[in-house]
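Q: Residue numbers (the working numbering): 1 to 70.
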């Protein structure tokens, strides 16, 4: 994430710390897939909805695979 000199730190991190941008996507996935929705998939979908880069999501997905998280 790029931080520019004129941005206040609360502006930069407001999207990441706001629970409202993460909750709806996970709720939709759970409603659609029920108990078959995986924890890792929900986390990655929430990161994508929050605007995380493909590289960051790929690193986290690799971490989940190595840890055996479904």
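All C-beta atoms, glycine included, are put in the ideal place defined by N, C-alpha and C.
Here the structure is a predicted model, which means the values were calculated and not measured.
I need the DSSP call for residue 43, collapsed to helix, strand or coil.
A: To locate residue 43, count along the chain shown from 1; it is residue 43. Here residue 43 sits in helix by DSSP.
Q: Quick one, are the C-beta atoms of residue 67 and residue 56 less than 9 Å apart?
A: Indexing the chain shown from 1 puts residue 67 at position 67. Indexing the chain shown from 1 puts residue 56 at position 56. No, Cβ-Cβ distance for residue 67 and residue 56 is not below 9 Å.
Q: Just to confirm, is the Cβ distance from residue 45 to residue 64 under 9 Å?
A: On the chain shown, position 45 is the one that residue 45 refers to. On the chain shown, position 64 is the one that residue 64 refers to. Result no, Cβ atoms of residue 45 and residue 64 do not sit closer than 9 Å.
Q: Can you list, in chain order, the residues of its chain with a C-beta nearer than 8 Å to that of residue 43? Leave out the 5 residues immediately preceding and following it.
A: By one-based count along the chain shown, residue 43 stands at place 43. Answer for residue 43: 60, 64, listed in chain order.
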